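Novice:
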Amino acid sequence: MDTGPSATTAPPTAGQAEAFYRELERRHLVALWNVATTLLPKEPKSRALPYLWRWETLLPLIQRAGELAPLHRGAERRVLGLVNPALPGRYGATPTLWAGFQYLLPGEVAPAHRHTPAAIRFVVQGEGAFTTVDGDKCPMSRGDLVLTPPWTWHDHGHEGTEPMIWLDGLDLPLVAEMEATFFEPFPGEAQPVAKLVGDSERRYGVGQLRPTWDRRTSTHSPLLTYKWAQTWDALRRLATAGASPFDDVAMEYINPHTGGPLMPTIACWIQLLRPGVRTRAHRHTGSAVYLAFEGRGHSVIDGQRFDWRAARRGRSRASGSTRPWSSRAR
């Protein structure tokens with residue numbers, strides 16, 4: 002049976018293919034088949050490098066910043082940020098997380114403002130400072146975790162007698178990548194305290210209970226302060242009950258309403274490594290920043306050993322480390 006004329010297609014020449022790809026580039030197009038393995042790799046590869054910032058190096062620089070950098074509008078926070086050596090110009094400890102140490106002197110006020118990135122504060126040393134979040138004054142002590150959810154007014158003040166240092170953590174690089182970063186100063190230097198001191202603790206400090214009239218639907222935790230005394234007690238009790246082969250005695254700070262992470266983009270952990278324990282190797286897609294809060298030990302990351310010790314002077318109460326926070330999104 003005659004099926005009619007047939008046609009054959011000659012393969013393109015190298016010159017034709019090159020001209021085609023030049024035309025795509027000129028038209029701001031890309032051929033997916035040429036970049037598929039870059040866009041969709043078989044496994045993720047972080048741009049960041051494992052890195053250790055040593056406290057004995059950081060502390061003198063933090064204290065020097067207190068002498069050189071007064072607080073005022075335009076320079077509202079005295080913070081030394083950690084910059085991953087593989088991410089120059091990105092201002093992040095990891096591709097998704099900003100981390101830095103904030104230094105507040107007695108009598109100082111870090112002016113009120115708000116911004117779209119979410120923030121956490123983990124107090125390393127000192128007593129007497131506070132953070133006011135949307136009118137709720139949250140006293141800060143060593144080991145406390147304090148939250149600043151996105152777009153909440155917040156300022157810091159210091160009513161004590163010794164300098165305060167805390168670790169700041171923000172999802173700033175992640176929000177910047179989404180081009181959603183913006184900032185607004187408060188009309189005054191400090192916002193008024195509109196609630197009883199520690200209001201969120203009074204309402205949500207017992208995680209299993211909440212006010213019957215509360216119908217909060219926000220995605221961040223309504224509890225703004227997680228006190229060290231309760232955290233340390235919970236760690237010690239868990240150590241008698243069980244442990245993870247990968248993280249030993251580890252607990253996550255949770256949103257008491259949902260049982261989930263504190264914020265959609267930031268999870269916070271507290272981790273106790275008991276003396277003599279060696280955990281099993283594992284990996285995850287979220288990046289993390291660890292603060293050695295008490296004791297000393299070491300971590301092995303991609304075959305490289307990092308020896309760490311507590312970020313404070315004096316004898317520690319336990320051998321262990323904290324993992325204050327990690328990213329939930331990439």
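In terms of our numbering, the sequence shown opens at residue 2 and continues consecutively.
Ideal placement from N, C-alpha and C gives every residue a C-beta, glycine not left out.
Owing to the predicted nature of the structure, the values given are computational and were not obtained by experimental measurement.
CB tryptophan 154 to CB glutamine 192, shorter than 7 Å?
Specialist: Numbered from 1 along the sequence shown, position 153 holds the residue referred to as residue 154. Numbered from 1 along the sequence shown, position 191 holds the residue referred to as residue 192. Taking 7 Å as the Cβ cut-off, tryptophan 154 and glutamine 192 qualify as a contacting pair.
Novice: To the nearest angstrom, report how far apart alanine 181 and glutamate 57 are at their CA atoms.
Specialist: Taking the first residue of the sequence shown as position 1, residue 181 is located at position 180. Taking the first residue of the sequence shown as position 1, residue 57 is located at position 56. So the alpha carbons of these two residues sit roughly 36 Å apart.
Novice: In whole angstroms, give me the CA-to-CA distance for leucine 106 and alanine 37.
Specialist: As a first step, residue 106 is located in the sequence shown; it is residue number 105 there, counting from the start. As a first step, residue 37 is located in the sequence shown; it is residue number 36 there, counting from the start. C-alpha separation (whole angstroms): 52 Å.
Novice: Express the C-alpha separation of valine 31 and serine 328 in angstroms, rounding to a whole number.
Specialist: Residue numbering aside, residue 328 sits at position 327 when the sequence shown is read from its first letter. Residue numbering aside, residue 31 sits at position 30 when the sequence shown is read from its first letter. Note that serine 328 has pLDDT 46, beneath the 50 cutoff, so the model's placement of it is unreliable and no number is given.
Novice: Going residue by residue through the segment 78-112, where are the continuous beta strand (DSSP E) segments of at least 3 residues, counting only ones entirely within it?
Specialist: Listed in chain order, the complete beta strand (DSSP E) runs (minimum 3 residues) inside the segment 78-112 are 80-82 and 99-105.
Novice: Counting only the same chain and skipping the five closest in sequence on each side, list residues whose C-beta sits under 8 Å from that of leucine 25.
Specialist: As a first step, residue 25 must be located in the sequence shown, where it is residue number 24. Correct list, in chain order: Val31 and Ala32.
Novice: My output table needs one value for glycine 158: the three-state DSSP class, helix, strand or coil.
Specialist: For the purposes of this step, residue 158 is identified with residue 157 of the sequence shown, where counting begins at 1. If DSSP states are grouped into helix, strand and coil, glycine 158 belongs with the strands.
Novice: Using DSSP with H/G/I as helix, E/B as strand and the rest coil, what is phenylalanine 184?
Specialist: Here residue 184 refers to the residue found at position 183 when the sequence shown is read from its first residue. Strand at phenylalanine 184.
Novice: For valine 278, which residues of its own chain have a beta-carbon under 6 Å away from its beta-carbon, when the five flanking residues on both sides are left out?
Specialist: Numbered from 1 along the sequence shown, position 277 holds the residue referred to as residue 278. Answer for valine 278: Asp249, listed in chain order.
Novice: Quick one: Cα of serine 245 to Cα of tryptophan 270, how far?
Specialist: Reading the sequence shown from its first residue, position 244 is the one you call residue 245. Reading the sequence shown from its first residue, position 269 is the one you call residue 270. Approximately 13 Å between the Cα atoms of the pair.
Novice: With burial defined as no fewer than 16 other Cβ atoms inside 10 Å of the residue's Cβ, what is the status of arginine 318: buried or exposed?
Specialist: Taking the sequence shown and counting its residues from 1, one reaches residue 318 at position 317. Low local confidence applies: a pLDDT of 36 at arginine 318 is under 50, so the model's placement there is unreliable, with the coordinate-based value given in what follows. Looking at its Cβ environment, which holds fewer than 16 other Cβ atoms inside 10 Å, arginine 318 is exposed.
Novice: For leucine 239, which residues of its own chain have a beta-carbon under 7 Å away from its beta-carbon, when the five flanking residues on both sides are left out?
Specialist: Against the sequence shown, residue 239 aligns to sequence position 238. Excluding sequence neighbours, leucine 239 sits near Val250 and Met252.
Novice: What does DSSP give as the partner residues of histidine 116 in its beta bridges?
Specialist: The residue you call residue 116 lines up with position 115 of the sequence shown. Phe184, per the DSSP bridge assignment.
Novice: Name, in chain order, the residues that DSSP records as bridge partners for lysine 138.
Specialist: Against the sequence shown, residue 138 aligns to sequence position 137. Answer is Thr133, bridged to lysine 138.
Novice: Pick from Gly101, Glu185 and Glu68: whose alpha carbon is nearest that of proline 164?
Specialist: Here the question's residue 164 lines up with position 163 in the sequence shown. The residue with the shortest Cα to Cα distance from proline 164 is Glu68.
Novice: Is tyrosine 254 helix, strand or coil when you go by DSSP?
Specialist: Position 253 of the sequence shown, counting from 1, holds the residue named residue 254. In the structure shown, tyrosine 254 sits in a strand (DSSP, three-state: E or B).
Novice: Indicate the three-state DSSP secondary structure (helix, strand or coil) for glutamine 305 in the structure shown.
Specialist: Position 304 of the sequence shown holds residue 305. Glutamine 305 falls in the strand class under three-state DSSP.
Novice: Measuring only the C-alpha atoms, how far is threonine 280 from phenylalanine 294?
Specialist: The residue labelled residue 280 in the question sits at position 279 within the sequence shown. The residue labelled residue 294 in the question sits at position 293 within the sequence shown. Spanning the two alpha carbons is a distance of roughly 19 Å.
Novice: Write down the C-beta distance between aspartate 145 and threonine 226 rounded to the nearest angstrom, noting that I regard them as a contact closer than 8 Å.
Specialist: Looking up residue 145 in the sequence shown gives position 144. Looking up residue 226 in the sequence shown gives position 225. Yes, they are in contact, since the Cβ atoms of aspartate 145 and threonine 226 sit about 6 Å apart, within 8 Å.
Novice: Whole angstroms are fine: how far does the CA of lysine 46 sit from the CA of proline 86?
Specialist: For the purposes of this step, residue 86 is taken as residue 85 along the sequence shown, with counting starting at 1. For the purposes of this step, residue 46 is taken as residue 45 along the sequence shown, with counting starting at 1. Cα to Cα, the separation comes out at about 16 Å.
Novice: Would alanine 49 pass as an interface residue toward chain B - the criterion being a Cβ-Cβ separation below 7 Å?
Specialist: In the structure shown, chain B does not exist; there is a single protein chain.
Novice: Whole angstroms are fine: how far does the CA of glutamine 305 sit from the CA of leucine 60?
Specialist: Counted from its first residue, the sequence shown places residue 60 at position 59. Counted from its first residue, the sequence shown places residue 305 at position 304. Those two C-alpha atoms are separated by around 25 Å.
Novice: Going along the chain, which residues of its own chain have a beta-carbon closer than 6 Å to the beta-carbon of phenylalanine 183, five neighbours each way excluded?
Specialist: As a position in the sequence shown, residue 183 is number 182, starting the count at 1. Correct list, in chain order: Thr117.
Novice: Taking the beta carbon of serine 219 as the centre, do at least 16 other beta carbons fall within 10 Å, making it buried, or is it exposed?
Specialist: Here residue 219 refers to the residue found at position 218 when the sequence shown is read from its first residue. Serine 219 comes out exposed.
Novice: Assuming glycine 170 and alanine 100 form a contact by the criterion Cβ under 8 Å, report the distance between their Cβ atoms to the nearest whole angstrom.
Specialist: For the purposes of this step, residue 170 is taken as residue 169 along the sequence shown, with counting starting at 1. For the purposes of this step, residue 100 is taken as residue 99 along the sequence shown, with counting starting at 1. That belief holds up - the Cβ atoms of glycine 170 and alanine 100 are roughly 5 Å apart, short of 8 Å.
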